[in-house]
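If you read the sequences in order, they're chains X and R. First residue of the first sequence? That's 1135 in our numbering, and the numbers climb one at a time after it. First residue of the second sequence? That's 345 in our numbering, and the numbers climb one at a time after it. As structure tokens, the structure follows; a few thoughts come after it.
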Amino acid sequence: DAGVIQSPRHEVTEMGQEVTLRCKPISGHDYLFWYRQTMMRGLELLIYFNNNVPIDDSGMPEDRFSAKMPNASFSTLKIQPSEPRDSAVYFCASTQPSGGLADYNEQFFGPGTRLTVL
Amino acid sequence: LAKTTQPISMDSYEGQEVNITCSHNNIATNDYITWYQQFPSQGPRFIIQGYKTKVTNEVASLFIPADRKSSTLSLPRVSLSDTAVYYCLVGDTMDMGRRALTFGSGTRLQVQP
Chain X
1135 DAGVIQSPRH
1145 EVTEMGQEVT
1155 LRCKPISGHD
1165 YLFWYRQTMM
1175 RGLELLIYFN
1185 NNVPIDDSGM
1195 PEDRFSAKMP
1205 NASFSTLKIQ
1215 PSEPRDSAVY
1225 FCASTQPSGG
1235 LADYNEQFFG
1245 PGTRLTVL
Chain R
345 LAKTTQPISM
355 DSYEGQEVNI
365 TCSHNNIATN
375 DYITWYQQFP
385 SQGPRFIIQG
395 YKTKVTNEVA
405 SLFIPADRKS
415 STLSLPRVSL
425 SDTAVYYCLV
435 GDTMDMGRRA
445 LTFGSGTRLQ
455 VQP
């Protein structure tokens, strides 16, 4: 398996523009997570899906952020309009717990998308 | 959510054993302890996980005392390639519907030649 795939790897845009980040989870994984990492705030969970359904979006910073998972192999994170403070590395991760309590702790992360909003 | 505390940074030399301790005083009965490693410009990578006593895999060992209020990640004979940030996480299983991980600030390990 190729692992979690994210695109683009780098994105530079201007304030006010719409940004769409994409993620392809590992095949067979039912859980998909979006994280954001900055120097100031570290690694933060934004939202996660189970079987394509959003379960917890309490980490989404504001209405400018939205995420979708139209099918089991694709998810998007959209920022509209983008602002300079959105500059960060955005990670997608997936996992497939086998049933035990501990299973969900092993998540597989993608390489991330480095977003710069000018 | 159980909060974790770990040193901000550590330095070591190649060939030495490195032990990184994490405190998690409020760990819940069903919580597991998990460690991740993150290299620059990469996503975090799962290293090891345990519930109590000792767990060992090909990469590291995890020591958990009986009270489970702390844990120690042990990296044997580190090399320059072990330079990374190491995160200690405690899984919150209070709500079985939640599958989220909470990352702290991590420990930045610098291995010198």
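Idealized CB from N, CA, C, for every residue including glycine.
So what does DSSP say about residue i, is it helix, strand or coil?
| i | result |
| --- | --- |
| ARG1248/X | strand |
| PRO1142/X | coil |
| ASN1239/X | helix |
| PHE447/R | coil |
What residue range does the beta strand (DSSP E) around residue i cover?
| i | result |
| --- | --- |
| GLY1162/X | Looking at the DSSP string, GLY1162/X is not in any beta strand (DSSP E), and its letter there is neither H nor E. |
| ARG1156/X | 1153–1158 |
| ASP426/R | No beta strand (DSSP E) holds ASP426/R; DSSP gives it neither H nor E. |
| ARG1198/X | First-last for ARG1198/X: undefined, no H or E at that position. |
| ASP1191/X | Unbroken run through ASP1191/X: none, as it is neither H nor E. |
| SER356/R | 353–357 |
So residue i packs on residue j, CB below 8 Å; how close in whole Å?
| i | j | result |
| --- | --- | --- |
| GLY1176/X | SER449/R | 6 Å |
| SER385/R | SER414/R | Going by Cβ atoms, the distance from SER385/R to SER414/R rounds to 31 Å, so no, they are not a contact pair. |
| MET354/R | LEU417/R | The pair is not a contact, with the Cβ atoms about 11 Å apart (cut-off 8 Å). |
Would you list the one or two residues that DSSP bridges to residue i?
| i | result |
| --- | --- |
| GLY460/R | Past the boundaries of the shown model lies residue 460/R; chain R is included only from 345 to 457, so the question cannot be answered. |
| GLU1178/X | ARG1170/X |
| ILE371/R | DSSP output for ILE371/R lists no bridge partner at all. |
| PHE1225/X | TYR1169/X |
| LYS1212/X | THR1154/X and SER1200/X |
| THR416/R | THR365/R and PHE407/R |
| ASN1184/X | TYR1165/X and VAL1187/X |
| ASN1205/X | PHE1208/X |
| GLN1230/X | DSSP lists no partner for GLN1230/X. |
Give a yes or no on contact between the region 1195–1212 of chain X and the region 388–405 of chain R, applying the rule of three or more CB pairs nearer than 8 Å. no
Would you check if there are 3 or more beta carbon pairs closer than 8 Å linking the region 1155–1174 of chain X to the region 1206–1213 of chain X? yes
Taking one C-beta from the region 1208–1217 of chain X and one from the region 356–367 of chain R each time, how about it: are there three or more such pairs within less than 8 Å? no
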